[in-house]
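Residue numbers (the working numbering): 345 to 503.
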């Protein structure tokens, strides 16, 4: 039965990924305000290089597991999947964040003033302590976040 659940999660993940790519690639147009904001911000290329060096394994896990919902920029999908950018969920208590990955989440939450009510798949039977530590350390140091890393020992303790 557990294998069937994992298979279904993989199928759902594939559908979400395909939908996200369609949404992400849909418009391609930006407003003048968005263009001005992009010009005013420093180039993110240096930050990306830092992330790749700091937590490359975490980025790989993020791209495989988290990207479809939380997007490449960590900003999520408004009204569907919450952002991972400078929120109490990412910056707060490490054990709560770890348990969210381990056990998933169900029910309404509020993130940065917006409500979300999607199911997050539990990954305790899918990811190792090392993989969870890697991906959470990547998230806590990416997308404008600057928080301490999470260790495999912290994941094991929360498990």
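Glycine included, each C-beta is placed from N, C-alpha and C at the ideal position.
In angstroms with no decimal places, state the Cα-to-Cα distance between residue 456 and residue 401. Cα atoms of residue 456 and residue 401: separation of roughly 28 Å, rounded to the nearest angstrom.
Taking DSSP as the reference, what is the three-state secondary structure of residue 401? In this structure, residue 401 counts as helix in the three-state DSSP scheme.
Whose CA, out of 463, 409, 424, 491, lies closest to the CA of residue 398? Taking the Cα of residue 398 as reference, the smallest distance to any Cα among 463, 409, 424, 491 is reached at 491.
Kindly indicate which three-state DSSP category residue 470 falls into: helix, strand or coil? Here residue 470 sits in coil by DSSP.
Need the endpoints of the alpha helix (DSSP H) that residue 499 sits in, please. Segment 496-502, the alpha helix (DSSP H) holding residue 499.
Beta-carbon proximity of residue 513 to residue 420, cut-off 9 Å: There is no way to answer for residue 513, as the model of the chain reaches only from 345 to 503.
Could you tell me which residues DSSP pairs with residue 421 in its beta bridges? DSSP lists 425 as partners of residue 421.
Backbone CA spacing between residue 479 and residue 423 [nearest angstrom]: Computed Cα separation, rounded: 23 Å.
Say whether the region 491-501 touches the region 427-441, bearing in mind that this needs 3 or more beta-carbon pairs closer than 8 Å, one atom from each stretch. The region 427-441 and the region 491-501 touch, with three or more beta-carbon pairs separated by less than 8 Å.
To which residues does DSSP link residue 459 through a beta bridge? For residue 459, which the question treats as bridged, DSSP gives the partners 454.
Give me the Cα-Cα distance between residue 428 and residue 497, rounded to the nearest whole angstrom. Residue 428 and residue 497: Cα-Cα distance of roughly 23 Å.
In the DSSP assignment, find the alpha helix (DSSP H) that holds residue 440 and state where it starts and stops. Here the alpha helix (DSSP H) through residue 440 covers 438-447.
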